[in-house]
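Everything below concerns the one structure shown next.
Protein chains in written order, with this note's numbering: chain A, 1 to 121; chain B, 122 to 567.
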């Protein structure tokens with residue numbers, strides 16, 4: 001379970017999802033909206049989660065699935081970066097061995113908490 | 122009755138076949154060219170047991186595999202048998218070289234092999250082999266269409282079984298847990314929420330693989346975590362927590378069953394789709410190169426190596442040119458035919474073989490289906506004999522034949538073929554140059 005802390009007064013929070021080691025993959029990231037993508041469509045792996053006001057105290061969950069149709073096992077890895085205003089808020093990474101002609105998955109959950117930045121003069 | 126007639130026909134054909142064989146023991150079988158792809162690895166060259174071959178998955182394993190067979194003074198030891206796939210080895214590396222290899226997919230099917238073995242006396246035998254298949258369109262693993270099919274297939278987990286996907290169910294469940302923990306701050310919430318989160322298999326390992334022990338173990342863990350946080354809960358809160366733990370157990374076991382079922386379906390689907398792919402694409406383009414050499418080292422050192430022989434092979438197989446793309450690719454002829462072309466060169470440097478070198482090149486056109494095929498083959502060969510005269514043999518051989526499956530394990534074959542010496546001594550020219558064959562045999566020829 002990840003704790004993602006963001007600036008309540010900042011810009012939109014986004015995620016970048018990167019997959020390595022597998023040609024066949026599919027993911028589903030469920031926040032306020034659901035983002036689905038797979039290696040066949042691969043329609044961009046950066047998603048806007050929303051503006052900070054709507055994200056505070058949110059639970060987000062994701063499943064990333066890898067397929068292996070070869071006769072050798074492979075090691076597949078996934079990384080998610082949560083970003084706000086160009087800054088990386090948090091990095092989540094996981095990897096899994098995908099047996100020959102089989103499927104394996106990694107998954108995770110996060111609690112998003114908004115913090116108000118205070119400025120001392 | 123039908124079987125009886127068939128047996129008589131078979132006996133007749135077998136008798137006729139025997140008569141059709143050549144008087145000098147040369148049969149038409151000798152005119153056929155072996156178009157199977159040769160095994161040129163260091164292990165086949167030195168007759169190493171395939172079970173003894175080490176296939177390192179990374180550079181560290183490779184180094185560990187080699188170091189045991191090189192002595193401190195640089196001498197080689199027998200027993201080394203290592204096969205490397207540089208693409209896989211380097212593709213896992215995070216260094217820049219990996220990108221170069223990953224970009225060039227044709228290097229994916231490059232394999233290198235090295236082996237050492239004890240020779241007849243104190244000498245050491247060393248061999249290497251290179252196998253490279255830069256193009257293989259019969260390989261379902263590299264097919265983009267099949268990859269896309271399975272990428273979409275991955276999204277079907279739970280479809281028809283659940284109204285909500287597994288991450289949607291998890292989000293909903295964890296949101297309920299979060300709401301029940303409103304009396305905690307952010308870090309405390311995370312500390313308790315993580316007991317309800319993590320992957321289903323990790324939760325099963327942590328709490329137990331039957332629902333009763335799961336609920337009991339998770340309740341103890343959650344209460345102990347709350348106690349550690351110095352949080353007092355009342356009976357209502359305890360009741361809520363117990364309900365949430367039961368929901369968590371149900372979700373975990375649901376995910377476990379869904380994943381296990383999906384894994385099984387995926388594997389079945391891979392086998393089915395691969396089979397379909399191979400049936401559709403059995404005659405697509407394949408290009409292969411192979412080379413290998415054998416050495417002897419009298420003193421067992423790298424400086425002492427002398428070459429015994431080497432072999433180079435190149436081959437391609439595919440559809441008849443012009444029938445690979447467009448409308449022509451959909452025709453019956455395109456789907457049922459295959460052209461094979463190969464070239465081989467072997468140099469014999471040892472004192473055992475009477476040949477100095479031999480070269481052959483040829484091709485085959487195959488047409489038909491799995492149970493009924495026709496073949497036309499041609500090969501040109503040239504070889505140089507050792508000795509003072511360095512005499513050269515040069516000949517062609519050809520076969521046109523067909524086979525039909527009579528029943529399981531029974532094939533009827535009809536072929537004509539021959540050979541013609543273009544150069545060589547008179548004795549070799551005495552070999553009959555033409556033959557005809559009828560045969561009933563247990564397995565398919567082509």
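Idealized CB from N, CA, C, for every residue including glycine.
Note that the coordinates shown come from a computational prediction; the quantities given were computed from them, not determined experimentally.
Buried versus exposed call for residue 330 of chain B [16 or more other C-beta atoms within 10 Å across all chains shown]:
Exposed, since its Cβ has fewer than 16 Cβ neighbours within 10 Å.
Closest to residue 414 of chain B by CA distance: which of B:249, B:483, B:526 is it?
Here the closest residue by C-alpha is B:249.
Per DSSP, the bridge partner or partners of residue 483 of chain B
As computed with DSSP, residue 483 of chain B is found in a beta bridge with B:463, B:500.
For the pair the segment 82 to 99 of chain A and the segment 301 to 318 of chain B, tell me if three or more CB-CB distances fall below 8 Å.
Short answer: they don't touch.
Proximal chain A residues relative to residue 320 of chain B, where beta-carbon distance stays under 7 Å:
Within chain A, the residues near residue 320 of chain B are 107.
So, is the C-beta of residue 388 of chain B closer than 8 Å to a C-beta in chain A?
Cβ-Cβ to chain A under 8 Å: yes for residue 388 of chain B.
Here's a check: name, in chain order, each residue in its chain whose Cβ is nearer than 7 Å to the Cβ of residue 164 of chain B, leaving out the five neighbours to either side.
Taken in chain order, the residues that qualify are 171, 174, 202, 234, 236.
Suppose the cutoff is 6 Å on Cβ atoms and the five residues either side in sequence are ignored; what does the same chain contact list for residue 253 of chain B look like?
Same-chain partners within the cutoff: 231, 410.
Between residue 269 of chain B and chain A, is the shortest Cβ-Cβ distance under 8 Å, so that the two count as touching?
So yes, residue 269 of chain B belongs to the interface.
At 4 residues or longer, what runs of the alpha helix (DSSP H) sit wholly inside the segment 318 to 373 of chain B?
Listed in chain order, they are 321 to 328, 332 to 349.
Just mark residue 568 of chain B as buried or exposed, buried being the case when its beta carbon has 16 or more other beta carbons within 10 Å.
Because chain B in this structure spans residues 122 to 567, residue 568 of chain B falls outside the shown range and cannot be described.
Take residue 102 of chain A and list the residues in its own chain whose beta-carbon comes closer than 7 Å to its own, dropping the five residues that flank it on each side.
Correct list, in chain order: 68.
Return the CA-CA distance between residue 292 of chain B and residue 30 of chain A, expressed in angstroms with no decimal places.
Between the alpha carbons of residue 292 of chain B and residue 30 of chain A lies a distance of about 7 Å.
Please classify residue 127 of chain B as buried or exposed, where buried requires at least 16 other C-beta atoms within 10 Å of its C-beta.
At residue 127 of chain B, the pLDDT of 43 sits below 50, so the modelled position is not reliable and the matter cannot be decided from this model.
Let's test the definition: count the other Cβ atoms within 10 Å of the Cβ of residue 378 of chain B and tell me whether it reaches 16, buried, or not, exposed.
Under the 10 Å beta carbon count, residue 378 of chain B is surrounded by fewer than 16 other beta carbons and is classified as exposed.
Could you work out which residue in B:526, B:529, B:520 is closest to residue 150 of chain B when comparing CA atoms only?
When only C-alpha atoms are compared, the closest one is B:520.
Just to confirm, is the Cβ distance from residue 111 of chain B to residue 421 of chain B under 8 Å?
Lying outside 122 to 567, the shown extent of chain B, residue 111 of chain B is not represented and no answer is given.
Taking a contact to mean a Cβ-Cβ separation below 8 Å, would you say residue 366 of chain B touches residue 407 of chain B in this structure?
No, these two residues do not count as a Cβ contact at 8 Å.
Got a sec: is the Cβ-Cβ distance from residue 1 of chain A to anything in chain B below 8 Å?
Closer than 8 Å: yes.
Would you list, in chain order, the members of the segment 56 to 68 of chain A that have their beta-carbon closer than 9 Å to a beta-carbon of chain B?
Within the segment 56 to 68 of chain A, the residues whose Cβ lies closer than 9 Å to any Cβ of chain B are, in chain order, 57, 58, 59, 60, 61, 62, 63, 65, 66, 67, 68.
Here's the rule: buried if 16 or more other CB atoms are within 10 angstroms of the residue's CB, otherwise exposed. What is residue 42 of chain A?
Burial call: exposed.
Helix, strand or coil: how does DSSP classify residue 495 of chain B here?
DSSP, reduced to helix, strand and coil, places residue 495 of chain B within a strand of the structure shown.
Proximity below 8 Å, CB of residue 26 of chain A to CB of residue 65 of chain A
Yes. Within cutoff.
With a threshold of 6 Å on Cβ separation, who are the neighbours of residue 47 of chain A within its own chain once the five nearest residues in sequence on each side are excluded?
These residues qualify, in order along the chain: 15, 35.
Would you verify that the beta carbon of residue 40 of chain A is, or is not, closer than 8 Å to some beta carbon of chain B?
It does; some Cβ of chain B falls within 8 Å.
With the cut-off set at 8 Å, would you say residue 459 of chain B and residue 156 of chain B are in Cβ contact?
The answer is no: Cβ separation not under 8 Å.
Tell me the rounded alpha-carbon separation between residue 142 of chain B and residue 22 of chain A.
Because the pLDDT of residue 142 of chain B is 44, which lies under 50, any placement of that residue in the model is unreliable, and the question is left without a value.
Kindly indicate the opening and closing residues of the beta strand (DSSP E) around residue 440 of chain B.
No beta strand (DSSP E) contains residue 440 of chain B, which DSSP labels as neither H nor E.
Does any CB atom of chain A fall closer than 8 Å to the CB of residue 262 of chain B?
Closer than 8 Å: yes.
Compute the distance between the beta-carbons of residue 65 of chain B and residue 431 of chain B, then report whether it is under 8 Å.
There is simply no residue 65 of chain B to check, as chain B begins at 122 and stops at 567 in what is shown.
Cβ shell of residue 361 of chain B (< 8 Å), same chain only, five flanking positions each side left out:
Excluding positions up to five away in sequence, the list reads 301.
Given that a residue counts as buried once 16 or more other Cβ atoms are within 10 Å of its Cβ, and exposed if not, what is residue 37 of chain A?
Buried, because 16 or more other Cβ atoms sit within 10 Å of the Cβ of residue 37 of chain A.
Anticipated Cβ contact below 8 Å, residue 513 of chain B with residue 505 of chain B, distance rounded:
Contact holds; Cβ gap of about 5 Å.
Report yes if the C-beta distance between residue 439 of chain B and residue 405 of chain B is below 8 Å; otherwise report no.
With respect to residue 405 of chain B, residue 439 of chain B sits close: the two C-beta atoms are nearer than 8 Å.
For residue 69 of chain B, the nearest candidate out of B:470, B:399, B:353 (CA to CA)
What the structure shows of chain B is the stretch from 122 to 567, and residue 69 of chain B is not part of that stretch, so it cannot be assessed.
Cutoff 8 Å: residue 54 of chain A Cβ touching any chain B Cβ
So, not an interface residue.
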